[in-house]
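First the structure, in the form of structure tokens, and then the observations on it.
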Amino acid sequence: MQMRELFKKQYTYLREVLGVEAIVMPPLVNELEYTNLVLLSAPLSAEERGLLEKITQAFGWSSYDAITADELHGIAKAKQTFIFGDEAKRCADKYVKTLDAILAPSLAILLHDAKAKKLLWQQMKQYMEA
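Position 36 (the sequence shown) corresponds to 478 in the working numbering; numbering is contiguous.
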């Protein structure tokens, strides 16, 4: 709350004393680099974590960094990215720069929807053959 009050006071000072309506300053941006990134819409349950391990192993990833959309602060640069879920996709559109990305439904959906899981496996197979 003190920050909001400070910003209001600063804005009032700038407007009334300096005659400036608004000043736009770019935020400080952290750039984090990853080799293999898994971007999630929500934290994982034990079952979802197990499925994620199977997916990444099938794709040939021996290691990866898994983060939720809420945990991403700044810009993430990655060579390869798995994006699970709509919230993660919205976040990736804004904050992730990647060479290759595979979009998939959330792991919660993949656990209970055999058709979605089959489509993901087909997509991964096509990706690896290319």
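From the three backbone atoms N, C-alpha and C, an ideal C-beta is built for every residue, glycine too.
Computed from a predicted model, the values in this text were never measured in an experiment.
Just reading off the alpha helix (DSSP H) that residue i is part of, what are its end residues?
i      : result
Asp535 : 528 to 537
Ala556 : 556 to 571
Ser491 : One detail in the question is off: residue 491 reads as Arg in this sequence, not Ser. Looking at the DSSP string, the run of the alpha helix (DSSP H) that includes Arg491 is 488 to 501.
Along the chain, where does the beta strand (DSSP E) that runs through residue i open and close?
i      : result
Leu474 : 473 to 482
Ala508 : 507 to 510
Below 7 Å CB to CB, which residues in the same chain sit around residue i once its five sequence neighbours on both sides are set aside?
i      : result
Tyr569 : Ile544
Trp563 : none
Take residue i and list the residues in its own chain whose beta-carbon comes closer than 6 Å to its own, dropping the five residues that flank it on each side.
i      : result
Ala520 : Tyr476, Leu479, Thr540
Ala530 : Leu481, Leu482, Ser483, Ala511
Tyr506 : Asn478, Val480, Thr498
Ile551 : Ala558
Going straight from the alpha carbon of residue i to that of residue j, what length do you get?
i      : j      : result
Glu571 : Asn472 : 34 Å
Leu561 : Arg457 : 56 Å
Ala518 : Gly492 : 24 Å
Ile509 : Gln452 : 35 Å
Cys533 : Ile525 : 10 Å
Is it buried or exposed, residue i, if we count other Cβ atoms within 10 angstroms and call 16 or more buried?
i      : result
Gly527 : buried
Within its chain, find whatever has a CB closer than 8 Å to the CB of residue i; leave out the 5 residues flanking it on each side and keep chain order.
i      : result
Tyr537 : Leu514, Gly516, Ile517, Ala518
Gln565 : Ile544, Ala546
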